[in-house]
Amino acid sequence: VHTAPARALLLLRPLRILLVAGGSYLGYRQYESYRERQLEKRGLEVAPRLAGHWEVGAFLSPPPPTPHVTELGPAASPDSTLTHFGPGAKRGLFLGSCMVYESESAPLGSADFQGLAAPLCPEVSPADGRILSCGPVRDCEVEQVKGVTYSLESFLGPRTAQPLAPAGGCPGGRGVSPPGLSAPPAAEPAGSFRNQLVTRDGNELYQCVIYLAPGDYHCFHSPTDWTVAHRRHFPGSLMSVSPGMARWIKELFCHNERVVLSGAWQHGFFSLTAVGATNVGSIRIYFDRDLHTNSPRHCQGSYNDLSFAGGAGRGGVTLCKGDHLGEFDLG
Amino acid sequence: STVVLIFEAPRHFSFQLQAGQRIRFGEALGSL
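Chains as they are written, first to last, in our numbering: chain A, 10 to 340; chain B, 6 to 37.
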């Protein structure tokens with residue numbers, strides 16, 4: 010290009026070049042996925058292809074108007090009720106598999122999230138969604154999906170000395186008792202972050218990742234009887250957390266805006282983290298009026314703490330199984 | 006959006022779930 014005469018440059022056909030380059034890339038991706046399928050058929054494990062630094066950087070820096078638009082939360086969620094959408098609303102609900110009969114307060118005359126009237130199992134899911142990953146946490150690198158991990162310490166942040174919860178007061182609940190003395194399992198290094206969380210002999214650390222797709226009910230609930238002693242807000246990006254992205258970007262959850270609620274349940278440490286994503290980065294926790302997420306005044310890479318526990322190791326917010334806990338809002 | 010639960014439980018806790026499975030509010034995650 011540098012050495013060619015100006016007339017020759019006019020003969021270049023950018024559209025054709027783009028088509029050839031795009032077609033070649035798609036062909037290459039098809040060949041890669043075919044090769045992976047063949048290897049899986051032979052029983053060989055295929056290492057996931059992770060995003061490089063520049064690819065992660067590109068996703069962390071969305072085009073200029075996007076972050077500013079999403080920070081205008083109220084502007085992105087006008088008060089629109091079902092009646093504003095007319096007869097098309099019912100078709101939309103049908104296409105989105107939305108079961109209106111599960112709402113506590115039908116007909117839907119308000120734009121606010123409606124409570125759900127679903128029956129509760131003894132141990133319940135906090136939200137509608139799809140399971141990305143679940144199982145015991147073996148070390149400090151936790152799986153976000155199969156083969157792709159994130160750091161437990163980066164995700165939750167440094168451990169603080171939290172006053173433990175008193176016995177719970179949920180009707181019919183088994184209560185929350187303070188954990189016993191810490192004793193790290195023999196197989197783990199004594200000072201590991203995982204061992205700072207496990208407080209009782211014979212206990213394990215478990216995790217469960219639930220992905221809320223666009224169209225899923227974007228409220229979350231308390232999955233058990235527990236007491237929230239601490240809230241930590243991490244300002245961050247608003248990358249998509251779809252399964253495809255989670256398979257591609259290592260530590261995806263650690264990049265995004267999130268609110269970590271931690272405390273204690275009957276068996277020791279318990280935490281629930283709401284991780285925001287594209288256009289649903291505004292996280293609301295009903296009992297936390299001081300929480301303001303997705304705001305330009307917060308600095309990424311830092312975190313803001315709030316303790317709900319009072320002095321002398323008592324206090325905190327007691328939640329019962331199925332209690333409405335919070336929601337993801339537009340913006 | 007995503008909800009991540011990290012919790013301590015006795016070793017005999019078992020999830021009634023598999024990766025990729027859909028779940029709805031109110032359904033069981035696991036049992037002790």
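Even for Gly, the Cβ is constructed at its ideal location relative to N, Cα and C.
Whether residue i touches residue j by CB criterion (8 Å)
| i | j | result |
| --- | --- | --- |
| A/H239 | A/S271 | yes |
| B/A24 | A/C143 | yes |
| A/E266 | A/S160 | no |
| A/F229 | A/A136 | yes |
| A/A318 | A/V154 | no |
| A/H227 | A/V289 | yes |
| A/R203 | A/C263 | no |
| B/T7 | A/I219 | yes |
| B/L22 | A/P232 | no |
| A/S311 | A/P244 | yes |
| A/W235 | A/L300 | no |
| A/E336 | A/F122 | yes |
| B/G31 | A/L102 | no |
Exposed unless 16 or more other CB atoms sit within 10 angstroms - verdict on residue i
| i | result |
| --- | --- |
| A/D225 | buried |
| A/T302 | buried |
| A/V269 | buried |
| A/S134 | buried |
| A/Q39 | exposed |
| A/A176 | Annotation note: pLDDT 41 at A/A176 (below 50); position unreliable, no value reported. |
| A/G189 | Any reading at A/G189 must be qualified, since the residue scores a pLDDT of 36, below 50, and its modelled position is unreliable; the value itself is stated next. By the neighbour-count rule (16 or more Cβ atoms within 10 Å), A/G189 is not buried but exposed. |
| B/E13 | buried |
| A/P172 | Because A/P172 sits at a pLDDT of 46, beneath the cut-off of 50, its placement in the model cannot be relied upon, and the point is left open. |
| A/G331 | buried |
| A/A174 | Its pLDDT being 48, under 50, A/A174 is placed unreliably by the model, and nothing is read from it. |
| A/A196 | Bear in mind that the predicted position of A/A196 carries a pLDDT of just 47, short of 50, making it unreliable; the figure below should be weighed with that in mind. Counting Cβ neighbours within 10 Å, A/A196 comes out exposed, since fewer than 16 surround it. |
| A/V185 | Note on A/V185: pLDDT 44, under 50, position unreliable in the model; the coordinate value appears next. A/V185 should be labelled buried. |
| A/A15 | exposed |
| A/D297 | buried |
| A/L221 | buried |
| B/I28 | buried |
| A/L125 | buried |
| A/H276 | buried |
Residue from the options with nearest C-alpha to residue i
| i | options | result |
| --- | --- | --- |
| A/P145 | A/E54, A/C217, A/G285, A/E111 | A/C217 |
| A/M248 | A/A318, A/E54, A/L69 | A/L69 |
| A/L206 | A/P57, A/E54, A/F278 | A/F278 |
| A/W63 | A/C263, A/D297, A/I258 | A/I258 |
| A/P167 | A/R25, A/N313, A/G156 | A/N313 |
| A/L214 | A/P96, A/C263, A/S280, A/K50 | A/S280 |
| A/V237 | A/G61, A/I294, A/S311 | A/I294 |
| A/P57 | A/A67, A/A273, A/F164, A/E45 | A/E45 |
| A/E54 | A/G335, A/G156, A/V109, A/E336 | A/G156 |
| A/D338 | A/A283, A/V326, A/L59 | A/A283 |
| A/E113 | A/G101, A/A127, A/V151 | A/A127 |
Start-to-end residues for the alpha helix (DSSP H) that takes in residue i
| i | result |
| --- | --- |
| A/P145 | That residue, A/P145, is in no alpha helix (DSSP H); its beta strand (DSSP E) goes 138-145. |
| A/P96 | That residue, A/P96, is in no alpha helix (DSSP H); it is neither H nor E in DSSP. |
| A/Y34 | 23-50 |
| A/L206 | 202-206 |
| A/S163 | 161-165 |
| A/G310 | Segment: none, A/G310 is in no alpha helix (DSSP H) and carries neither H nor E. |
Within chain B, the residues that residue i reaches when beta carbons sit closer than 7 Å
| i | result |
| --- | --- |
| A/I219 | T7, V8, I28 |
| A/T208 | E13 |
| A/G201 | Here the sequence assigns Ser to residue 201 of chain A, which means Gly is not the residue at that position. The premise fails here: A/S201 is roughly 14 Å from chain B at the closest Cβ pair, so nothing lies under 7 Å. |
| A/S160 | None at all; the shortest Cβ gap to chain B is about 12 Å. |
| A/S142 | A24 |
| A/P232 | L10, L34 |
| A/H227 | S6 |
Interface partners of residue i on chain B, CB under 9 Å
| i | result |
| --- | --- |
| A/R306 | Ordered by position in chain B, no residue passes the 9 Å Cβ test against A/R306, which lies about 22 Å from the chain. |
| A/Q216 | V9, L10, I11, F12 |
| A/W274 | F12, E13, A14 |
| A/L280 | According to the sequence shown, residue 280 of chain A is Ser rather than Leu. V9, L10, I11, F12, listed in chain order. |
Listed by chain order, chain B residues near residue i by CB distance under 8 Å
| i | result |
| --- | --- |
| A/N303 | Under the 8 Å cutoff, chain B gives no residues; its nearest Cβ is about 12 Å from A/N303. |
| A/A286 | S6, T7 |
| A/K50 | Here the premise fails: no neighbours, minimum Cβ distance about 19 Å. |
| A/N212 | E13, A14, P15, R16 |
| A/C130 | G31, E32, A33 |
| A/L125 | F30, G31 |
| A/V289 | S6 |
| A/S134 | I28, R29, F30, G31, E32, A33, L34 |
Residue interval of the beta strand (DSSP E) (run including residue i)
| i | result |
| --- | --- |
| A/F262 | Taken as a continuous stretch (DSSP letters only), A/F262 belongs to no beta strand (DSSP E), being part of the alpha helix (DSSP H) at 261-264. |
| A/A286 | Counting along the chain, A/A286 falls outside any beta strand (DSSP E), and DSSP gives it neither H nor E. |
| A/G335 | 333-338 |
| A/G253 | Unbroken run through A/G253 is the alpha helix (DSSP H), 252-257; no beta strand (DSSP E). |
| A/V154 | 150-154 |
| B/E13 | 7-15 |
| A/G66 | No beta strand (DSSP E) contains A/G66, which is instead part of the alpha helix (DSSP H) from 62-69. |
Within chain E, partners of residue i - CB distance below 8 Å
| i | result |
| --- | --- |
| A/R139 | No chain E appears in this structure, whose protein chains are A and B. |
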